[in-house]
Structure formats: structure tokens, C-alpha cells
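I have placed the structure first, in the form of C-alpha cells, so that the comments after it can refer back to it.
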Amino acid sequence: MNPPSDPSPPPPASSPEPSLVDRLGPDRLVLLVALVGFHGLVRIAERYLPAYVEALGYGPVVVGLLASLGLAVAVGVRFVDGESDETSSGRRRHHLALVATLFGALGLLVWAGAPTLDALLGTPLSAVGWLLVGVVLLGLCHGWGPDETGSLRGRGVAFGGSVIDLDAASRTRIRTRTRTIAAALALAGGAVLATTAFSGAETVRAGFALLVAAGSTVGLVAAVALGVARTASRTDDSGSGQTKDGSEAAPLPSTALPTLEDVRETVDALPAETRWTVAGDTLVRLATAMTLPFVVLVVVDYHAVALTVGPVSLPPAAVFGPLVLAEAIGAVAGALAAPMLRPRVDRRWHLAAGLVVPAVFPLALVAAPSSVAVLAALFALVGCRTALEPVRPTESVVTQTVARVRERGRGRRRSRAAVPETLRTAIRVALVPAPLLGGVLYAIGPVAAFSLATTVGLLGVRELLRPLRDSS
Numbered sequence: 001m002n003p004p005s006d007p008s009p010p011p012p013a014s015s016p017e018p019s020l021v022d023r024l025g026p027d028r029l030v031l032l033v034a035l036v037g038f039h040g041l042v043r044i045a046e047r048y049l050p051a052y053v054e055a056l057g058y059g060p061v062v063v064g065l066l067a068s069l070g071l072a073v074a075v076g077v078r079f080v081d082g083e084s085d086e087t088s089s090g091r092r093r094h095h096l097a098l099v100a101t102l103f104g105a106l107g108l109l110v111w112a113g114a115p116t117l118d119a120l121l122g123t124p125l126s127a128v129g130w131l132l133v134g135v136v137l138l139g140l141c142h143g144w145g146p147d148e149t150g151s152l153r154g155r156g157v158a159f160g161g162s163v164i165d166l167d168a169a170s171r172t173r174i175r176t177r178t179r180t181i182a183a184a185l186a187l188a189g190g191a192v193l194a195t196t197a198f199s200g201a202e203t204v205r206a207g208f209a210l211l212v213a214a215g216s217t218v219g220l221v222a223a224v225a226l227g228v229a230r231t232a233s234r235t236d237d238s239g240s241g242q243t244k245d246g247s248e249a250a251p252l253p254s255t256a257l258p259t260l261e262d263v264r265e266t267v268d269a270l271p272a273e274t275r276w277t278v279a280g281d282t283l284v285r286l287a288t289a290m291t292l293p294f295v296v297l298v299v300v301d302y303h304a305v306a307l308t309v310g311p312v313s314l315p316p317a318a319v320f321g322p323l324v325l326a327e328a329i330g331a332v333a334g335a336l337a338a339p340m341l342r343p344r345v346d347r348r349w350h351l352a353a354g355l356v357v358p359a360v361f362p363l364a365l366v367a368a369p370s371s372v373a374v375l376a377a378l379f380a381l382v383g384c385r386t387a388l389e390p391v392r393p394t395e396s397v398v399t400q401t402v403a404r405v406r407e408r409g410r411g412r413r414r415s416r417a418a419v420p421e422t423l424r425t426a427i428r429v430a431l432v433p434a435p436l437l438g439g440v441l442y443a444i445g446p447v448a449a450f451s452l453a454t455t456v457g458l459l460g461v462r463e464l465l466r467p468l469r470d471s472s
């Protein structure tokens with residue numbers, strides 16, 4: 001009989017998987033949740049703003065003016081930051097983000113009080129003037145404040161020396177998935193709250209006031225959470241242009257407004273195929289900018305769809321919330337599908353087929369039957385456009401191509417950030433008047449405005465396919 005063998009020592013007890021709070025820390029978790037909630041409420045308030053403007057007695061031209069001003073502010077804030085030394089840039093960005101978050105909360109309150117602020121303060125601005133002030137404040141918030149993931153212009157928000165680095169090794173993947181999913185979840189949460197606010201309010205003005213009051217409160221919470229945090233960029237810790245792991249830090253965008261010559265040189269440096277691709281993508285973006293501010297008006301006024309679920313009856317303004325929720329769900333699905341589509345589908349056909357959806361969406365929206373199910377399907381489908389972000393030329397192709405091109409006539413290489421940013425800035429500037437043009441056309445008729453937008457979008461798809469037609 002064999003003696004019993006010595007029992008093997010028990011395996012070491014594995015440490016339990018740290019929870020989300022343990023990994024992030026309660027202060028960081030509060031900040032991220034507050035930022036996600038704040039951005040979601042701001043975005044849904046911006047989507048509802050045209051209906052609020054209409055309830056105040058103004059027309060689509062004013063809506064287009066407000067949207068164009070918002071785009072102009074978004075372009076302008078990128079060029080007023082100025083230069084700063086490396087040792088103070090981290091602290092400066094943090095203070096700027098804190099002030100910008102407060103601006104965003106104040107901007108929402110200004111929108112809510114626009115009809116009465118003149119009487120309270122004795123100012124001659126009128127409701128439209130205060131709406132413009134709110135647009136500027138929120139534009140500063142978008143330009144200088146942290147995004148949904150806490151990132152400040154390519155940096156991370158850190159607590160006690162621990163950095164959330166969102167733009168390090170897998171910059172493209174994180175940008176197209178993490179930030180997109182965070183933004184979609186934020187919008188989904190805002191849509192749910194908006195549905196509740198507008199279903200319980202008697203008027204659009206009352207529902208909008210409830211929505212922006214909630215957004216302003218969450219914004220103040222985010223500002224307080226941001227105030228107890230410290231910005232820790234890796235360049236600040238090392239005092240040089242390198243990160244802690246020795247890699248070179250991503251440069252900030254150029255603070256000089258590009259001239260027409262800069263834009264022309266950048267476009268000339270592109271291969272012909274890429275040039276047509278960029279032109280087509282820009283036309284689709286133009287069509288979207290012309291119609292996006294007026295989508296809520298089509299749902300609330302043109303279709304005027306209501307929904308009854310059991311004892312709950314949703315007026316048309318409240319129905320827009322579930323439609324935006326469907327769009328957010330589609331955005332999450334598109335972001336998750338993007339990595340699977342990219343290696344399996346040719347990039348050009350992926351982009352062309354995908355851009356057909358936002359191009360056709362305006363006409364499909366006004367031509368669709370007044371059915372909540374049909375409209376929700378359209379919103380979900382257009383939300384899936386996030387699957388295109390990895391292959392959209394202004395995000396990937398241009399960056400990879402022109403970053404290696406020498407500046408013509410000057411004999412030196414441009415920085416890897418300045419050349420793509422030049423073209424992206426030109427596109428942003430070109431989009432500024434699009435909402436105002438859309439407002440003028442919408443005043444003529446929704447069908448006319450949205451039909452023209454679809455025509456422009458399909459023209460963009462045609463230009464995108466030009467290299468494929470020429471090579472066949």
C-alpha cells in the first residue's frame with residue numbers, strides 16, 4: 001500500500017477583480033458620470049432648441065441663424081487659445097475647462113430665461129439676443145471644456161497622478177469607439193430625461209425649461225468634480241515633449257487661422273482620388289448641417305406624431321425623445337460594428353454605401369408616413385453612421401496622407417497636426433452658413449429644404465464614387 005502523497009499546497013488565493021469604483025476612484029467616477037450626463041443633456045437641449053425657439057414665436061430663419069452662430073463659435077474658439085509654455089499649460093487647460101463647464105451650465109439657464117431676462121435685468125437684448133448669448137456660452141463650453149470621457153484637447157484628466165490617457169497608443173480606435181459610445185450613451189440618457197420632461201409639461205416652453213434646469217444642475221456638479229481634480233498631462237510631468245513612456249506627445253491644433261493659400265496648398269498636395277473623396281464627404285456634411293437643426297420641427301410640426309403607451313400619452317414634442325434614443329442606439333451599434341466592417345469591406349465602398357444613409361435621410365424623413373415606428377427606424381439607421389468614422393476621409397485618409405507631404409514652396413515639412421487641421425478647419429468654415437441657408441429654405445417649405453439637402457448629399461456620394469467610375 002503506497003503511503004499517501006503529500007498534499008499539494010493550495011493555490012494562492014486570487015485577489016478579487018477590482019470594481020469600477022476601485023479602478024477609477026469615487027472622485028473620478030463622479031466626474032465621468034457628471035460629464036457624460038452633462039454632455040448628453042446639452043446635446044438633447046440643442047436638438048430641442050428649434051422647437052423652443054418656435055414656441056417663443058420665431059421662425060426657421062432665426063433657428064438657422066442660431067445654429068450658424070454655434071458653428072462659427074466652434075471654429076473660432078480653436079484659434080483664441082494662444083500659445084502657452086509647457087510648465088503652465090496643464091494647469092491652464094484645467095482652469096479653462098472648469099470655466100468652460102460653468103459657461104455651459106450658465107448658457108442653459110440663459111436659454112431657459114431668454115423670454116424674461118430683459119424684464120429682470122433691464123437689458124434691451126430681447127429673447128433672440130439672449131438665445132444668441134446662450135449659444136456663445138455653450139460654444140465656449142464645447143470648444144474649451146472636457147468631452148464625455150474627460151479628455152482635454154488630447155490630454156487626460158488625472159487624480160493623484162493617475163491619468164486617463166485617451167489618445168495614446170490606439171488613438172483611432174479609442175476615438176471611434178470609446179468616445180463615440182460615451183457620446184451615444186450620454187445622448188440616450190438625455191433623450192430619456194427629455195421624454196419625461198416634455199410628457200409631464202403642458203407646453204414646449206415648460207418642458208424645455210425643465211430639461212435645461214436638469215442640464216444646468218448636472219453641469220454644476222461636473223464643474224465641482226472638475227474643480228477637485230487636477231489636469232496631469234504627460235508633458236507636464238516630464239517637463240518635455242515626451243510622455244511618461246517615452247513616446248512623443250500629440251501636439252495641440254495650430255492656433256493660426258489658415259489662409260486660402262494654405263488650404264489650396266493642402267488640397268493640391270492630396271492625390272486626386274483622395275481629393276474627390278474629401279469633396280464628396282464634405283458635401284454630405286453640408287447636407288446634414290442644412291437640415292439637422294430642423295429635424296425636430298419636422299417631427300413636431302410636419303408629422304405631429306403622438307404616442308400612447310398604456311396610461312401614458314406622449315405629445316409630439318415628447319415623441320422626439322424616443323426617436324433620438326433610437327438614433328443613439330444605432331450610434332452604439334455602428335461604433336461596435338466598425339472594427340468588424342473595416343477589414344471585410346473595401347474602404348471606398350464602405351464609405352460610399354454608408355454616406356448614402358445620411359444623404360437620403362432628409363428626403364426620407366419628410367416622405368415617410370407619420371408613424372412612430374417608421375420614424376424610429378429612420379433615426380436608428382442614420383445613427384449607424386458612426387460605423388463610417390474610421391474611414392471618413394477628414395478623419396483618417398487625410399491625416400495619413402498629408403502628414404507626410406512637404407509644404408510646397410517653403411522647403412520644410414509641416415507638423416503632423418497642422419496640415420490635416422488646415423483642411424478640417426476649411427471644411428468647418430464652409431459649413432458655418434449651411435444652417436442659415438437651411439432655415440431660409442425651410443421657411444419656403446420643409447419638403448423643398450430637405451429635398452435640396454438630399455440632392456446635395458447624393459451629389460457628394462457621386463463625387464465620392466468618381467475615382468471608382470474613372471478607373472472602370
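Residues in the sequence shown are numbered consecutively from 1, following the UniProt record's numbering. The beta-carbon is built from N, C-alpha and C at its ideal position, and this holds for glycine as well.
Close-in-space but distant-in-sequence residues of the same chain around residue i (CB under 8 Å, 5 per side omitted)
i       : result
Thr-101 : Phe-38, Cys-141, Gly-145, Pro-146, Gly-219, Ala-222, Ala-223, Leu-226
Leu-363 : Phe-450, Ser-451, Ala-453, Thr-454
Val-312 : Ser-199
Arg-428 : Leu-71, Ala-74, Val-75
Neighbourhood of residue i by C-beta, 6 Å cutoff - its chain only, sequence neighbours within 5 removed
i           : result
Gly-354     : Leu-388
residue 553 : This structure does not reach residue 553, given that the chain is present from 1 up to 472, and the question cannot be answered.
Pro-293     : Pro-50, Val-63, Ala-67, Pro-435
Leu-137     : Phe-103, Leu-106, Gly-107
Glu-463     : Trp-276, Ala-279, Gly-280
Ile-44      : Gly-190, Ala-191, Ala-194
Phe-198     : Gly-207, Ala-317, Ala-318
Leu-109     : Ser-216
Arg-404     : The pLDDT assigned to Arg-404 is 42, lower than 50, so where the model puts this residue is not dependable, and the model offers no usable value.
Leu-117     : Trp-130
Phe-320     : Val-296, Val-299
Leu-65      : Leu-436
Leu-459     : Leu-283
Asn-376     : Here residue 376 turns out to be Ala, not Asn, going by the sequence shown. Closer than 6 Å at Cβ, skipping near neighbours: Leu-323, Ala-326.
Leu-211     : Ala-45, Ala-194, Ala-197
7 Å CB neighbourhood of residue i in its chain, flanking five on each side removed
i       : result
Glu-327 : Phe-379, Ala-380, Val-382, Gly-383
Pro-433 : Ser-68
Val-128 : Tyr-58, Val-62
Tyr-442 : Pro-60, Phe-294, Ala-449
Tyr-302 : Val-366, Pro-446
Thr-180 : Ala-331, Ala-335, Thr-386, Glu-389
For residue i, three-class secondary structure by DSSP
i       : result
Thr-308 : strand
Ser-313 : strand
Leu-465 : coil
Tyr-52  : helix
Ala-377 : helix
Ser-371 : coil
Leu-459 : helix
Ala-114 : coil
Pro-271 : coil
Arg-385 : helix
Pro-446 : helix
Ala-182 : helix
Val-419 : Bear in mind that the predicted position of Val-419 carries a pLDDT of just 38, short of 50, making it unreliable; the figure below should be weighed with that in mind. If DSSP states are grouped into helix, strand and coil, Val-419 belongs with the helices.
Val-360 : helix
Pro-293 : helix
Thr-195 : helix
Leu-437 : helix
Leu-66  : helix
C-beta contact flag for residue i and residue j at 9 Å
i           : j       : result
Met-290     : Leu-96  : no
Leu-465     : Arg-285 : no
Leu-56      : Ala-112 : no
Val-457     : Pro-358 : The amino acid at residue 457 is misidentified as Val; the sequence shows Gly. Yes; because the gap between Cβ atoms is below 9 Å, this pair is in contact.
Thr-288     : Ala-448 : no
Val-374     : Ala-368 : yes
Ala-188     : Gly-70  : no
Val-73      : Gly-143 : yes
Leu-314     : Leu-307 : yes
Val-305     : Ser-370 : yes
Ala-229     : His-94  : yes
residue 473 : Val-356 : A question about residue 473 goes unanswered here, because the residues of the chain that appear run from 1 up to 472.
Gly-330     : Thr-274 : no
Val-372     : Pro-322 : yes
Ala-209     : Ala-201 : yes
Gly-139     : Val-53  : no
Residue-chain proximity (residue i, chain D), Cβ-Cβ < 9 Å
i       : result
Pro-358 : No chain D appears in this structure, which consists of one protein chain only.
How about the region 274 to 282 and the region 292 to 301: do they share at least three Cβ pairs that are nearer than 8 Å? no
Check whether the region 196 to 216 and the region 343 to 354 touch, using three or more Cβ-Cβ pairs below 8 Å as the test. no
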